[in-house]
Amino acid sequence: MAPLYGALRKLRSRNILQFPCISCCRSLASVTKSHKTPPLLYHANKKISHLIRIGRLSEARALFDSMNQRNTVTWNSMMSGYVHRREIAKARQLFDEMPQRDIVSWNLIISGYFSCRGSRYIEEGRKLFDEMQERDCVSWNTVISGYAKNGRMKEALKLFDAMPEPNVVSSNALITGFLLNGDVDSAVESFRRIPVRDSASFNALISGLVRNGELNVAAKILHECGEGDDGKDDLVAAYNTLIAGYGQKGMVEEARCLFDEIPDYQGEDGNKSERRFRRNVVSWNSMMMCYVKTGDIVSARELFDRMTERDTCTWNTMISGYVQVSDMEEASKLFIEMPSPDALSWNSIISGYSQNGDLGLAKDFFLRMPNKNLISWNSVIAGYEKNEDYNGAIELFSQMQLEGERPDRHTLSSVLSVCAGLVDLYLGKQIHQFITKIVLPDMPINNSLITMYSRCGAIADACIVFNEMKLYKDVITWNAMIGGYAFHGLGSEALELFKVMQRLKIHPTYITFISVLNACAHAGLVEEGRRQFSSMIKDYGIKPRIEHFASLVDILARQGQLQEALDVIKSMPFKPDKAVWGALLGGCRVHNKVEFAQLAAEALIRLEPESSAPYVLLYNMYANLGQWDDAERVRVLMEKNNVKKQTGYSWVDS
DNA sequence: GTAGGGTTAG
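According to the working numbering, the first sequence is numbered sequentially starting from 4.
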């Protein structure tokens with residue numbers, strides 16, 4: 004008896020056998036039945052399911068239509084193709100047309116309805132379930148998991164209690180459902196109530212806990228897993244999930260501890276050990292990803308080199324690691340070396356070159372890529388936008404639509420930034436219209452809209468978007484609006500909004516303070532500016548960047564406090580850049596402080612010898628003061644340095 | 001042919 008019991012346990016843990024239930028007997032019956040199927044029909048059925056598996060649905064349908072003999076399996080296979088594609092109407096049509104239905108037909112159509120979004124479909128699925136004459140445990144599991152996946156736990160639990168024989172699959176579905184709703188306690192309780200847990204029980208619980216940020220609970224459960232768990236010898240997937248979860252939070256050390264806990268058995272001659280709980284390729288990939296996420300490319304590479312078995316994901320992770328640290332040479336080396344690059348590999352390389360400013364290579368790879376997808380288009384469009392080749396971005400955007408690729412929120416967000424860069428309000432409004440037609444504007448999209456409108460001079464439209472966001476705002480939203488006000492010289496509005504933000508206890512970022520300081524400059528508030536500058540450091544622990552110093556210099560210089568501004572420049576821990584000297588020079592012009600102007604202009608000329616602006620400014624100042632000798636000296640210097648005066652241009656589109 | 005779950009790109 005004992006060996007038989009052991010064999011049963013082994014089968015169970017491999018998901019071949021579960022709780023005793025009708026479906027097992029039924030599936031055995033259908034196996035024997037398939038032997039009676041005429042060979043031609045049997046092969047045609049196999050062909051249909053193969054075509055569906057590789058995603059060639061229309062070919063499968065053509066074959067289905069051409070068959071002069073079909074059995075229930077034929078109809079069911081065809082139906083499953085539509086169910087997978089969420090084409091529920093077509094699946095339903097087959098269901099209604101088929102001459103004979105078995106339990107699988109019913110289960111299929113019900114699962115189809117439950118995997119469609121919208122309560123309409125769920126009700127229809129439920130109606131069919133209620134109409135069933137005979138149900139097996141798959142029917143129950145389908146409906147329970149259907150409710151759970153849609154977050155409707157009340158109905159799921161009711162059915163769970165009503166089912167004739169509870170089984171581990173439905174319990175697992177409940178766990179997933181609870182965690183989808185963030186109900187950690189109920190999930191853990193359901194888990195504890197399962198008499199014999201399998202590996203999917205652990206996976207469902209651990210992955211849900213990780214998604215809810217409950218890493219400590221997950222680790223505890225994983226370590227206390229006990230006797231009576233069929234899944235306990237196959238916990239590697241759950242370990243992998245938690246490793247990845249730690250990686251997401253940057254907790255590399257915890258991840259490494261877990262990784263080291265998984266045995267790395269390799270039998271003699273490098274053969275894989277019989278033991279099932281051992282590191283697999285996903286464990287290595289996940290651990291590598293942790294290092295990649297924290298920018299520790301050396302440790303990631305170390306693991307990569309130690310791996311005896313690599314899959315596409317391994318290569319892609321390593322490539323994306325090099326992309327992140329801008330080592331495109333190594334990234335493309337791996338890309339060439341890897342056995343069969345997939346869409347993800349191509350896209351990593353494309354976005355890598357895009358982000359690192361090599362648009363030519365990005366487009367080269369993009370054009371050579373065999374099956375471009377939405378992400379490929381988005382990567383290359385974002386690259387053009389980031390590198391300020393706005394017209395190139397727009398060209399790609401229209402090209403993409405000509406080729407039948409539908410833009411999504413990522414595309415549209417990039418295109419909005421393009422409109423902002425081009426200062427093209429007309430185009431921006433068109434894109435806004437387009438957006439409302441095809442996606443629900445979410446936070447990132449709304450944020451891009453605010454930036455676009457304010458950069459294009461339509462501050463009122465920016466306000467409308469901002470106010471429509473009501474409760475759903477993040478720091479970026481606030482930064483965009485405050486920055487918009489500051490950009491338009493509406494200093495007091497910007498400061499007022501900043502106060503509201505502080506009252507709501509939203510933590511500002513360094514970007515917020517760039518806008519706040521700019522607002523102070525525009526509003527002529529010297530004391531307020533100094534106060535905000537030190538509040539940034541003291542109250543919020545934000546280290547001032549050179550942009551903040553530039554703003555502070557701007558604030559002081561505009562008010563004619565040029566000596567104070569110069570003191571700031573001398574005391575700051577950065578080498579003053581164009582913006583800093585530019586701010587000083589701007590103040591000098593307004594207040595006719597020629598001695599400071601000379602200092603600032605000379606510094607600017609050293610930084611950018613080809614720019615005519617500082618020469619012109621200095622020349623005009625001397626001229627205004629009647630110091631014609633000095634003015635002439637500037638003009639000669641300009642000629643000597645071969646600088647041409649550029650014709651002015653306005654950057655505001657009418 | 002139907003039910004529960006792990007890693008990578010914009």
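The beta-carbon is built from N, C-alpha and C at its ideal position, and this holds for glycine as well.
Applying the criterion that 16 or more other CB atoms from any shown protein chain within 10 Å of the CB defines a buried residue, is residue i buried or exposed?
{"i": "Trp-318", "result": "buried"}
{"i": "Lys-36", "result": "Low confidence applies to Lys-36: its pLDDT is 48, below 50, so where it sits in the model is not reliable, and the reading given next is rough at best. It is exposed - the Cβ of Lys-36 has fewer than 16 other Cβ atoms within 10 Å."}
{"i": "Ser-30", "result": "The pLDDT assigned to Ser-30 is 42, lower than 50, so where the model puts this residue is not dependable; a value taken from the coordinates is nonetheless given after this. Counting Cβ neighbours within 10 Å, Ser-30 comes out exposed, since fewer than 16 surround it."}
{"i": "Cys-459", "result": "buried"}
{"i": "Thr-439", "result": "exposed"}
{"i": "Asn-381", "result": "buried"}
{"i": "Asp-164", "result": "exposed"}
{"i": "Ala-32", "result": "With a pLDDT of 41 at Ala-32, under the threshold of 50, the predicted position of this residue should be treated as unreliable, though the coordinate-derived value follows. Flag for Ala-32 reads exposed."}
{"i": "Ala-463", "result": "exposed"}
{"i": "Gln-535", "result": "buried"}
{"i": "Gly-660", "result": "Residue 660 lies beyond the range of the chain shown here (4 to 657); nothing can be said about it."}
{"i": "Phe-501", "result": "buried"}
{"i": "Val-301", "result": "exposed"}
{"i": "Asp-99", "result": "exposed"}
{"i": "Thr-179", "result": "buried"}
{"i": "Pro-102", "result": "exposed"}
{"i": "Met-641", "result": "buried"}
Assuming residue i and residue j form a contact by the criterion Cβ under 8 Å, report the distance between their Cβ atoms to the nearest whole angstrom.
{"i": "Ile-112", "j": "Met-82", "result": "7 Å"}
{"i": "Gly-487", "j": "Ile-434", "result": "That belief does not hold up - the Cβ atoms of Gly-487 and Ile-434 are roughly 18 Å apart, past 8 Å."}
{"i": "Ala-334", "j": "Ile-353", "result": "That pair is no contact at about 11 Å."}
{"i": "Val-556", "j": "Ile-572", "result": "6 Å"}
{"i": "Ser-148", "j": "Asn-110", "result": "Actually they do not touch by this definition, with Cβ atoms about 12 Å apart."}
{"i": "Met-455", "j": "Ala-423", "result": "4 Å"}
{"i": "Phe-194", "j": "Cys-228", "result": "Not confirmed; about 10 Å, so no contact."}
{"i": "Leu-498", "j": "Ala-526", "result": "7 Å"}
{"i": "Val-646", "j": "Tyr-625", "result": "17 Å between Cβ atoms; not a contact."}
{"i": "Phe-577", "j": "Phe-552", "result": "7 Å"}
{"i": "Ile-106", "j": "Glu-127", "result": "So it is not a contact: roughly 18 Å between Cβ atoms."}
Just reading off the alpha helix (DSSP H) that residue i is part of, what are its end residues?
{"i": "Pro-266", "result": "That residue, Pro-266, is in no alpha helix (DSSP H); it is neither H nor E in DSSP."}
{"i": "Glu-496", "result": "494 to 506"}
{"i": "Thr-515", "result": "513 to 526"}
{"i": "Met-70", "result": "Looking at the DSSP string, Met-70 is not in any alpha helix (DSSP H), and its letter there is neither H nor E."}
{"i": "Met-331", "result": "331 to 340"}
{"i": "Tyr-387", "result": "377 to 389"}
{"i": "Pro-42", "result": "42 to 56"}
{"i": "Gln-96", "result": "91 to 100"}
{"i": "His-594", "result": "581 to 594"}
{"i": "Tyr-183", "result": "Before going on, a small fix: residue 183 reads as Leu here, not Tyr. Note, Leu-183: alpha helix (DSSP H), 171 to 183."}
{"i": "Asp-367", "result": "362 to 371"}
{"i": "Asp-633", "result": "631 to 643"}
{"i": "Gln-566", "result": "565 to 574"}
{"i": "Val-646", "result": "Taken as a continuous stretch (DSSP letters only), Val-646 belongs to no alpha helix (DSSP H), as it is neither H nor E."}
{"i": "Asn-449", "result": "446 to 458"}
{"i": "Met-156", "result": "156 to 165"}
{"i": "Ile-467", "result": "462 to 471"}
{"i": "Lys-578", "result": "Unbroken run through Lys-578: none, as it is neither H nor E."}
Hey, would you say the C-beta of residue i is under 7 Å away from at least one heavy atom of the ligand ADP?
{"i": "Ala-151", "result": "Although the ligand ADP was asked about, the structure shown includes no ligands whatsoever."}
Would the beta-carbon of residue i fall within 8 Å of that of residue j?
{"i": "Asn-359", "j": "Met-331", "result": "yes"}
{"i": "Ala-522", "j": "Gly-563", "result": "no"}
{"i": "Pro-617", "j": "Ala-634", "result": "no"}
{"i": "Arg-259", "j": "Met-291", "result": "no"}
{"i": "Gly-590", "j": "Leu-565", "result": "yes"}
{"i": "Gly-115", "j": "Ala-94", "result": "yes"}
{"i": "Asn-144", "j": "Ser-108", "result": "no"}
{"i": "Ile-448", "j": "Val-421", "result": "no"}
{"i": "Val-583", "j": "Ile-549", "result": "yes"}
{"i": "Gln-443", "j": "Gly-431", "result": "Reading the sequence as shown, one finds Leu at residue 443 and not Gln. No; because the gap between Cβ atoms is not below 8 Å, this pair is not in contact."}
{"i": "Lys-643", "j": "Ser-615", "result": "no"}
{"i": "Ile-558", "j": "Gly-532", "result": "yes"}
{"i": "Ile-197", "j": "Val-171", "result": "yes"}
{"i": "Ser-457", "j": "Phe-490", "result": "yes"}
{"i": "Gly-253", "j": "Thr-311", "result": "no"}
{"i": "Leu-405", "j": "Tyr-387", "result": "no"}
{"i": "Thr-75", "j": "Ile-51", "result": "no"}
{"i": "Val-213", "j": "Gly-185", "result": "no"}
Exercise. Is the segment 209 to 225 in contact with the segment 244 to 252, if contact means three or more CB pairs nearer than 8 Å?
Worked result: yes
Exercise. Are there three or more Cβ pairs, one per stretch, closer than 8 Å when the segment 506 to 523 is compared with the segment 479 to 497?
Worked result: yes
For this session: Mind the definition here: the segment 399 to 416 touches the segment 371 to 389 only if three or more C-beta pairs lie below 8 Å; say whether that holds.
Result: yes
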